[in-house]
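Presented below is the structure to which this report refers.
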Amino acid sequence: MAKYSPLIHVSPETMSGVPVFSGTRVPIQTLFDYLKAGESIDDFLEGFPTVTRERVISLLAELEKELIDRVA
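Residue numbers (my numbering): 2 to 73.
This is the structure:
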């Protein structure tokens, strides 16, 4: 089984196993959907107040590091 960040929760009992921000029912994909649509992190946070700015920034930083480590 894949190892996930503590920022991400994956369980069949939560949103049918869709990866969500830990402690919430907000899918990680929703953040990326907002960003792809040209919306800001502030727009996302306004729509999903259970997710903190710190969690979003931490998740993006983890993903950035993982991507750079993969291609380096």
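Note that the Cβ used here is the ideal one computed from N, Cα and C, for glycine as well. Everything numeric in this text was worked out from a predicted model, so none of it was measured.
I'd like to know whether the C-beta atoms of residue i and residue j end up nearer to each other than 9 Å.
i     : j     : result
LEU32 : VAL19 : no
SER23 : ARG56 : yes
Thinking C-alpha only, which one of the options is nearest residue i?
i     : options                    : result
TYR5  : PRO50, VAL21, GLU14, PHE49 : VAL21
ASP43 : LYS37, ARG54, ASP34        : ARG54
PHE49 : GLU67, PRO28, ILE69, THR15 : PRO28
ASP34 : ARG26, THR25, PHE45        : PHE45
Which residues bound the alpha helix (DSSP H) around residue i?
i     : result
PHE49 : Unbroken run through PHE49: none, as it is neither H nor E.
TYR35 : 29 to 37
If we count Cβ pairs, one from each stretch, closer than 8 Å, do we get three or more for the stretch 45 to 65 versus the stretch 7 to 15? With a cut-off of 8 Å on Cβ pairs, the stretch 45 to 65 is in contact with the stretch 7 to 15, counting three or more such pairs.
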